Amino acid sequence: MLAIIIVSWNVRDLLERCITTVHASLAGSGIAYRITVVDNASTDRTFAMLRTRHPNVEVIDAGRNLGFAGGNNLALRRVLSRNGSRVRYVLLLNPDTEVIGDAIPTLVRYLEEHPDVVVVGPRLRYSDGTVQSSRRRFPTPGVLFWESTPLEWRWLNNPWVRRYRCMDTPDDREQTVDWLVGAALLVRRSAIDRVGLLDASFVMYSEELEWQQRLHACGRIVYLPAAEIMHHEGKSSTQVPTWRLMTFHRSRLRYARMRYGDHLATGLYIFLMAVYGAELFVEAGKWLLGHRRDLRRQRIGGYVAFLRGLGVRD
1 MLAIIIVSWN VRDLLERCIT TVHASLAGSG IAYRITVVDN ASTDRTFAML RTRHPNVEVI
61 DAGRNLGFAG GNNLALRRVL SRNGSRVRYV LLLNPDTEVI GDAIPTLVRY LEEHPDVVVV
121 GPRLRYSDGT VQSSRRRFPT PGVLFWESTP LEWRWLNNPW VRRYRCMDTP DDREQTVDWL
181 VGAALLVRRS AIDRVGLLDA SFVMYSEELE WQQRLHACGR IVYLPAAEIM HHEGKSSTQV
241 PTWRLMTFHR SRLRYARMRY GDHLATGLYI FLMAVYGAEL FVEAGKWLLG HRRDLRRQRI
301 GGYVAFLRGL GVRD
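Heads up: the sequence shown is residues 1 to 314, going by the working numbering.
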């Protein structure tokens, strides 16, 4: 049996489309499956839509926003305990995805035919059809200081990003990787039993990285471009962009501490406070010079909120 878990927050229409494409992908495959949606306290009438359009979907009301890891763990505990050994595979799927063709059966068959593989993921595409980078090597310290910081904005094609995002291998080739972006992950249930659930101390971001680092000890993680899923990236988190940036870096600080120790994590924290403080200073200078003051005011407010939030140490 295949358990499909979708954690959703205020993306009702995208969620409805996601579920519809899941059913279409699995139609006629002979694969027994059940969809479980965890609603992280949405305010967009997600429950009403599910009751009306998808009454056979199990819905779990989280009661509050548990984030990606917390929401998935809530469903995993219920699904795996209730269904016992019947669940062989678990698909973690973002609500802002659309399954293309028979992508899900293709992923399931791959795990059935490759017992040494514990995680398999599809090629992701953006809404316009272009390929979304989803293959990763484990991040080096250099990556932690580069990704989603002003260094990335100013030096896009650097050595760290090319290696980290597997840009040295074509995206149309099946390949073993260190980890995959968590928008669509098919995981072998026996591996989950061995390593445990996601680490819910990561509210969002880096949780799939840390989890796959543990899963990596159980077998291979494979990128399978023969299966494709469209990903309308970040439709939940982009509703609160400053929170998204702050949460990303707080999660990376936690990961850095777990992976490389307190010294590197402290250095990364100081670096982030310094570079984003410098961005705040630049925006304030432009505001004083009268350059597009409404935009500068908005950015200043965002950087202040970011620095305050990052400064709340775990």
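Yeah, the Cβ is synthetic: ideal placement off N, Cα and C, and Gly gets one too. Since the structure is predicted, the reported quantities are computational estimates derived from the model, not experimental observations.
Subject >> DSSP three-state assignment for D44, whether helix, strand or coil >> reply: In the three-state DSSP reduction, D44 falls in the coil class, being neither helix nor strand.
Original post:
Regarding D61 and the ligand FMN, is the C-beta to nearest heavy atom distance less than 7 Å?
Top reply: In the structure on display, the ligand FMN does not appear, and there are no ligands present to speak of.
Original post:
Contact between the region 186-196 and the region 45-59: three or more CB pairs below 8 Å?
Top reply: Taking one beta carbon from each stretch, the region 186-196 and the region 45-59 have fewer than 3 pairs nearer than 8 Å; the two do not touch.
Original post:
Residue range of the beta strand (DSSP E) that E174 falls in?
Top reply: Counted as a single uninterrupted DSSP element, the stretch harbouring E174 is not any beta strand (DSSP E), since DSSP gives it neither H nor E.
Original post:
At what residues does the alpha helix (DSSP H) containing Y164 begin and finish?
Top reply: Counting along the chain, the alpha helix (DSSP H) containing Y164 begins and ends at 159-164.
Subject >> Inter-stretch contact (C-beta, 8 Å, three-pair minimum) for the region 113-129 and the region 139-154 >> reply: Too few Cβ pairs lie closer than 8 Å, so no.
Subject >> Three-state class that DSSP yields for V181 in the structure shown >> reply: Coil, per DSSP.
Original post:
What's the C-alpha gap between L80 and V87?
Top reply: Rounded to whole angstroms, L80 to V87 spans 7 Å at the Cα level.
Subject >> I35 - partner residues in DSSP beta bridges >> reply: In the DSSP assignment, the residues bridged to I35 are I4.
Original post:
So the alpha helix (DSSP H) A27 belongs to, where does it begin and stop?
Top reply: No alpha helix (DSSP H) holds A27; DSSP gives it neither H nor E.
Subject >> Boundaries of the alpha helix (DSSP H) in which Y110 is found, first to last residue >> reply: Element bounds for Y110: 103-113.
Original post:
Would you report the Cα separation of R137 and P159, rounded to the nearest angstrom?
Top reply: One Cα belongs to R137, the other to P159, and the distance between them is close to 13 Å.
**OP:** Report the residue from L245, N72, L111, G290 whose alpha carbon sits nearest the alpha carbon of P95.
**Re:** The closest CA to that of P95, considering only L245, N72, L111, G290, is found on N72.
Original post:
In chain order, what residues of the same chain lie with their CB nearer than 8 Å to the CB of R296, ignoring the 5 residues before and after it?
Top reply: Same-chain partners within the cutoff: E283, A284, K286, W287.
**OP:** Provide the residue span of the alpha helix (DSSP H) that contains M246, from first to last.
**Re:** Looking at the DSSP string, the run of the alpha helix (DSSP H) that includes M246 is 241-260.
**OP:** Could you work out which residue in G261, T242, V222, D294 is closest to Y110 when comparing CA atoms only?
**Re:** The shortest C-alpha to C-alpha distance from Y110 to any of G261, T242, V222, D294 is the one to V222.
**OP:** Given a cut-off of 8 Å, decide if I60 and V90 are closer than it, judged by their beta-carbon atoms.
**Re:** Here V90 is not near I60, since their CB atoms are 8 Å or more apart.
Subject >> L74 versus L93 - alpha carbon distance >> reply: Put simply, the backbone Cα of L74 is about 15 Å away from that of L93.
Original post:
For P141, which of helix, strand or coil comes out of DSSP?
Top reply: DSSP, reduced to helix, strand and coil, places P141 within a helical segment of the structure shown.
Subject >> Cα-Cα separation between V131 and R78, rounded to whole angstroms >> reply: Whole-angstrom Cα-Cα distance: 34 Å.
**OP:** Name the two residues that bound the continuous alpha helix (DSSP H) containing E210.
**Re:** That run of the alpha helix (DSSP H) goes 207-215.
**OP:** Whole angstroms is fine: what's the gap from F202's alpha carbon to F248's?
**Re:** Those two C-alpha atoms are separated by around 9 Å.
**OP:** Taking only the alpha-carbon atoms, compute the straight-line gap between L66 and A103 and give it to the nearest angstrom.
**Re:** Straight-line Cα distance between these residues: approximately 28 Å.
Original post:
Is H231 helix, strand or coil when you go by DSSP?
Top reply: In this structure, H231 counts as strand in the three-state DSSP scheme.
**OP:** Please state whether DSSP places G285 in a helix, a strand or coil.
**Re:** The answer is helix: DSSP assigns G285 an H, G or I state.
Subject >> DSSP state of G63 mapped onto helix, strand, coil >> reply: If DSSP states are grouped into helix, strand and coil, G63 belongs with coil.
**OP:** Could you tell me how far apart the beta carbons of R135 and V177 are, in whole angstroms, since I believe they sit closer than 8 Å?
**Re:** About 5 Å separates the Cβ atoms of R135 and V177, confirming a contact at the 8 Å cut-off.
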